[in-house]
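Here the sequence shown is numbered in my numbering, starting from 30 and rising by one per residue. Even for Gly, the Cβ is constructed at its ideal location relative to N, Cα and C. It should be emphasised that the depicted structure is a prediction, and the values quoted were computed from it without experimental measurement.
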Amino acid sequence: MVRVSRPSTGLYKMLVKWVTVSSIVGFLTGLLVSLLEISVLDASELMLRRIAESGYLWLIPIVPFVGISVTGILREKLTKLPHFHGTEEVLEAYHYREGEMLLKDAPVKTLGAVLTVGSGGSAGLEGPSIHIGGAVGAAVKRLMDRLGIEEDGRILLLTGAASGMSAIFKAPLTGLMFALEVPYKDDMAHQAVVPALISSVVSYLTLISILGAEPIFKAFKPFGEVDLYIISIGLLEGLVMGFFSVIFVRTVSLVEKIMEGRSYTLRGVVGGASVGLLAIATLITTKTLYPFGLSYDLVRLSFRGGNATFFFGMAVLKMIATALTLGSAGIGGVFIPSIVIGATLGSAMSTMDPSVTSLFVALGMSSFLAAAFKTPLAAVSFVAETTGSEAYVIPGLVASAVAYIVSGKYSLPKNQKIVETTKIEELERVRVKELMVSPPPVLRDDLTVKEFFNRYFLKYRDHFVFPVKAKDDRIVGVIALRDVNNIPTSEWDRVKLIDIVRKVDFLKPDDNLMIALDKMYEFGVCCLPVIDPKKGKVVGMLSADAIVMFLEQKRKLKKAALFLR
Numbered sequence: 030m031v032r033v034s035r036p037s038t039g040l041y042k043m044l045v046k047w048v049t050v051s052s053i054v055g056f057l058t059g060l061l062v063s064l065l066e067i068s069v070l071d072a073s074e075l076m077l078r079r080i081a082e083s084g085y086l087w088l089i090p091i092v093p094f095v096g097i098s099v100t101g102i103l104r105e106k107l108t109k110l111p112h113f114h115g116t117e118e119v120l121e122a123y124h125y126r127e128g129e130m131l132l133k134d135a136p137v138k139t140l141g142a143v144l145t146v147g148s149g150g151s152a153g154l155e156g157p158s159i160h161i162g163g164a165v166g167a168a169v170k171r172l173m174d175r176l177g178i179e180e181d182g183r184i185l186l187l188t189g190a191a192s193g194m195s196a197i198f199k200a201p202l203t204g205l206m207f208a209l210e211v212p213y214k215d216d217m218a219h220q221a222v223v224p225a226l227i228s229s230v231v232s233y234l235t236l237i238s239i240l241g242a243e244p245i246f247k248a249f250k251p252f253g254e255v256d257l258y259i260i261s262i263g264l265l266e267g268l269v270m271g272f273f274s275v276i277f278v279r280t281v282s283l284v285e286k287i288m289e290g291r292s293y294t295l296r297g298v299v300g301g302a303s304v305g306l307l308a309i310a311t312l313i314t315t316k317t318l319y320p321f322g323l324s325y326d327l328v329r330l331s332f333r334g335g336n337a338t339f340f341f342g343m344a345v346l347k348m349i350a351t352a353l354t355l356g357s358a359g360i361g362g363v364f365i366p367s368i369v370i371g372a373t374l375g376s377a378m379s380t381m382d383p384s385v386t387s388l389f390v391a392l393g394m395s396s397f398l399a400a401a402f403k404t405p406l407a408a409v410s411f412v413a414e415t416t417g418s419e420a421y422v423i424p425g426l427v428a429s430a431v432a433y434i435v436s437g438k439y440s441l442p443k444n445q446k447i448v449e450t451t452k453i454e455e456l457e458r459v460r461v462k463e464l465m466v467s468p469p470p471v472l473r474d475d476l477t478v479k480e481f482f483n484r485y486f487l488k489y490r491d492h493f494v495f496p497v498k499a500k501d502d503r504i505v506g507v508i509a510l511r512d513v514n515n516i517p518t519s520e521w522d523r524v525k526l527i528d529i530v531r532k533v534d535f536l537k538p539d540d541n542l543m544i545a546l547d548k549m550y551e552f553g554v555c556c557l558p559v560i561d562p563k564k565g566k567v568v569g570m571l572s573a574d575a576i577v578m579f580l581e582q583k584r585k586l587k588k589a590a591l592f593l594r
């Protein structure tokens with residue numbers, strides 16, 4: 030009997046492909062995000078601060094009014110999907126459009142983000158960075174389609190999103206974890222791990238080669254060993270941040286609900302005027318403009334601690350400013366505003382023990398973000414990478430877990446889903462006989478590979494698996510085309526099907542689809558024959574592709590039902 034070798038060339042080819050494709054996505058995204066950061070970083074703080082220092086206070090409400098109003102006009106007049114941007118658009122493409130994004134919208138929405146943040150609107154650059162990365166991934170997918178290379182568009186979309194997140198925060202682990210966690214509230218997109226990891230590292234290296242590798246917030250002060258006291262602080266802060274994250278999510282939702290149904294031009298005017306008035310009122314009452322723009326300076330100030338009332342007020346103002354900016358017509362991310370709110374609330378809480386102010390701030394950042402985005406691992410890794418302080422990981426995990434639980438169903442991303450466990454229930458309800466198709470010919474086990482190729486392969490090329498029978502007509506197994514491909518052509522005259530037949534468990538017409546998938550996975554085949562248990566004959570074939578198409582059709586019908594409501 031000839032031993033058929035099965036080298037792991039498939040895995041090798043897959044890795045080579047992902048290294049190449051993910052590196053391209055990561056490099057292009059890192060380059061584009063670098064340009065975005067250069068154009069916007071600190072511009073908002075500098076612009077409003079210089080206006081305030083010049084004494085022309087009447088200009089302060091005008092700048093955000095113009096920036097957000099123009100953004101609203103751009104969204105309404107120049108984009109096909111004005112309702113989505115940043116993380117929301119990536120999630121919408123992931124769940125409903127197989128990773129396809131409207132590439133023509135990306136430049137307009139990136140410009141809108143520059144105008145929003147640059148004019149003092151309360152938003153983050155991670156939104157447009159994720160959008161840029163997703164658009165790059167979608168563009169690479171289209172190029173691969175033209176070259177005849179098949180790949181999952183959803184994986185490429187998350188690969189780009191991970192690289193965008195990694196670059197803007199100089200945090201490759203955060204980029205990876207965020208891209209895997211954010212599609213679902215209670216699960217991860219495991220299939221994108223390898224490509225997202227590669228693209229995150231490449232985009233990070235690309236950006237730091239241009240802008241440097243210094244952490245955004247630098248190092249925190251050490252707090253000693255993790256003990257019960259430190260853990261108790263994490264538990265307490267998790268409770269507080271979970272509660273305030275719900276308030277923040279509901280505040281943003283309230284503004285969105287008020288603005289719903291109105292044109293983006295009107296929303297931009299109202300939102301821009303509101304942010305401008307809030308900015309001048311904040312300057313008059315607090316002598317600062319910290320809650321506007323990116324607010325990185327406010328995070329750095331939080332590390333020092335101080336007056337609890339001041340920092341609590343800054344947190345409240347940041348919530349309101351963000352809701353008015355993004356709930357109206359502004360474009361940007363809500364990740365950084367969440368970090369700022371968590372940092373200021375943590376600093377306010379640090380008055381309980383000023384000796385560990387940095388701990389309170391770190392836990393506030395990670396736990397508030399974990400609750401608001403349902404991304405606890407990304408939240409903790411963000412704090413570790415952007416501060417250069419890994420010591421906060423363990424208490425950060427404790428605080429994030431508590432905040433995640435306390436916040437319950439509330440989450441900022443509207444297109445974030447509960448993992449689709451209903452699909453498993455659907456698989457268990459549907460019978461094999463409902464999806465099976467006519468089978469290919471049943472082959473005799475004494476046929477040579479050459480006879481099989483000449484008589485059956487070309488005629489039944491749509492089939493990848495063939496049932497095999499013995500001389501007594503008993504079905505003994507299947508052969509897969511990949512097994513035939515592993516045999517040298519010089520051996521085709523000598524090797525018989527019985528030498529390469531796969532022993533498998535056959536399906537019955539009344540088996541459910543979950544049983545079918547389990548058997549396909551167990552025996553490493555994409556199709557299985559369906560046997561009539563009474564007659565012992567092959568009555569059909571079921572493929573994994575048929576099951577996938579069935580699920581996709583169900584998903585599309587559900588989406589159509591949502592739009593028709």
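Among the options, which one has its Cα closest to the Cα of residue i?
{"i": "residue 468", "options": "299, 556, 327", "result": "556"}
{"i": "residue 101", "options": "488, 326, 145, 84", "result": "145"}
{"i": "residue 357", "options": "302, 560, 523", "result": "302"}
{"i": "residue 561", "options": "539, 543, 582, 219", "result": "539"}
{"i": "residue 486", "options": "470, 544, 282", "result": "470"}
{"i": "residue 147", "options": "503, 541, 68", "result": "68"}
{"i": "residue 370", "options": "347, 423, 387, 384", "result": "347"}
{"i": "residue 151", "options": "327, 533, 516", "result": "327"}
{"i": "residue 552", "options": "280, 257, 536, 462", "result": "536"}
{"i": "residue 595", "options": "516, 198, 311, 314", "result": "Outside the shown range of the chain (30 to 594) lies residue 595, about which nothing can therefore be said."}
{"i": "residue 142", "options": "240, 104, 310, 125", "result": "104"}
{"i": "residue 164", "options": "183, 178, 509", "result": "183"}
What residues match up with residue i in a beta bridge as DSSP calls it?
{"i": "residue 557", "result": "571"}
{"i": "residue 507", "result": "496, 531"}
{"i": "residue 477", "result": "525"}
{"i": "residue 536", "result": "559"}
{"i": "residue 92", "result": "Residue 92 is not bridged to any residue."}
{"i": "residue 483", "result": "DSSP output for residue 483 lists no bridge partner at all."}
{"i": "residue 541", "result": "460"}
{"i": "residue 446", "result": "213"}
{"i": "residue 362", "result": "153"}
{"i": "residue 275", "result": "The partner list for residue 275 (beta bridge, DSSP) is empty, contrary to what the question assumes."}
{"i": "residue 466", "result": "570"}
How is residue i classed by DSSP in three states: helix, strand or coil?
{"i": "residue 471", "result": "coil"}
{"i": "residue 46", "result": "helix"}
{"i": "residue 495", "result": "strand"}
{"i": "residue 156", "result": "helix"}
{"i": "residue 460", "result": "strand"}
{"i": "residue 451", "result": "Confidence at residue 451 is low in this model, with a pLDDT of 46, below 50, so its placement is unreliable and no value can be given for it."}
{"i": "residue 241", "result": "coil"}
{"i": "residue 62", "result": "helix"}
{"i": "residue 304", "result": "helix"}
{"i": "residue 255", "result": "coil"}
{"i": "residue 577", "result": "helix"}
{"i": "residue 594", "result": "Note that residue 594 has pLDDT 36, beneath the 50 cutoff, so the model's placement of it is unreliable and the number below is only indicative. Three-state DSSP puts residue 594 in coil, outside helix and strand."}
{"i": "residue 551", "result": "helix"}
{"i": "residue 104", "result": "helix"}
{"i": "residue 124", "result": "helix"}
{"i": "residue 130", "result": "coil"}
{"i": "residue 171", "result": "helix"}
{"i": "residue 109", "result": "coil"}
{"i": "residue 225", "result": "helix"}
Less than 8 angstroms between the CB atoms is what I'm expecting for residue i and residue j, so what's the real figure, rounded?
{"i": "residue 392", "j": "residue 262", "result": "7 angstroms"}
{"i": "residue 319", "j": "residue 343", "result": "6 angstroms"}
{"i": "residue 373", "j": "residue 331", "result": "5 angstroms"}
Does any heavy atom of the ligand SAH sit closer than 7 angstroms to the C-beta of residue i?
{"i": "residue 220", "result": "Summarising the ligand content, the structure contains no ligands, and the ligand SAH is consequently not present."}
Exercise. Just checking, does the region 488–496 make contact with the region 556–573 on the three C-beta pairs under 8 angstroms criterion?
Worked result: Judged by Cβ distances under 8 angstroms, the region 488–496 makes contact with the region 556–573, as three or more pairs qualify.
For this session: Give a yes or no on contact between the region 101–114 and the region 129–145, applying the rule of three or more CB pairs nearer than 8 angstroms.
Result: Contact between the region 101–114 and the region 129–145 is established, with three or more Cβ pairs separated by less than 8 angstroms.
Exercise. Do three or more CB pairs link the region 352–366 to the region 144–160 at distances below 8 angstroms?
Worked result: In short, these stretches touch, since the Cβ pair count reaches three.
For this session: Kindly confirm or deny that the region 421–435 and the region 264–276 touch, where touching means at least three C-beta pairs closer than 8 angstroms.
Result: Three or more Cβ pairs closer than 8 angstroms define a contact, and the region 421–435 meets that threshold against the region 264–276.
Exercise. Contact between the region 114–122 and the region 295–306: three or more CB pairs below 8 angstroms?
Worked result: A contact is defined here as three or more CB-CB pairs under 8 angstroms, and the region 114–122 fails this definition with respect to the region 295–306.
Problem set entry | Three-pair Cβ contact test at 8 angstroms for the region 372–384 versus the region 326–337 | Output reads yes: the region 326–337 touches the region 372–384.
For this session: Would you check if there are 3 or more beta carbon pairs closer than 8 angstroms linking the region 389–407 to the region 476–488?
Result: Note that the region 389–407 does not touch the region 476–488; fewer than 3 beta-carbon pairs, one per stretch, sit closer than 8 angstroms.
Exercise. Below 8 angstroms, can you find three or more Cβ-Cβ pairs linking the region 189–207 to the region 171–178?
Worked result: The answer is no - the region 171–178 does not touch the region 189–207, with fewer than three Cβ pairs under 8 angstroms.
Problem set entry | Inter-stretch contact at 8 angstroms, needing at least 3 Cβ pairs: the region 173–188 / the region 47–57 | With three or more CB-CB distances shorter than 8 angstroms, the region 173–188 counts as touching the region 47–57.
For this session: May I ask you to verify whether the region 412–421 touches the region 218–227, counting CB pairs closer than 8 angstroms and requiring at least 3?
Result: No: fewer than three Cβ pairs fall under 8 angstroms.
Exercise. Is the region 526–534 in contact with the region 501–508, if contact means three or more CB pairs nearer than 8 angstroms?
Worked result: Contact holds between the region 526–534 and the region 501–508, because three or more Cβ pairs, one in each stretch, are under 8 angstroms apart.
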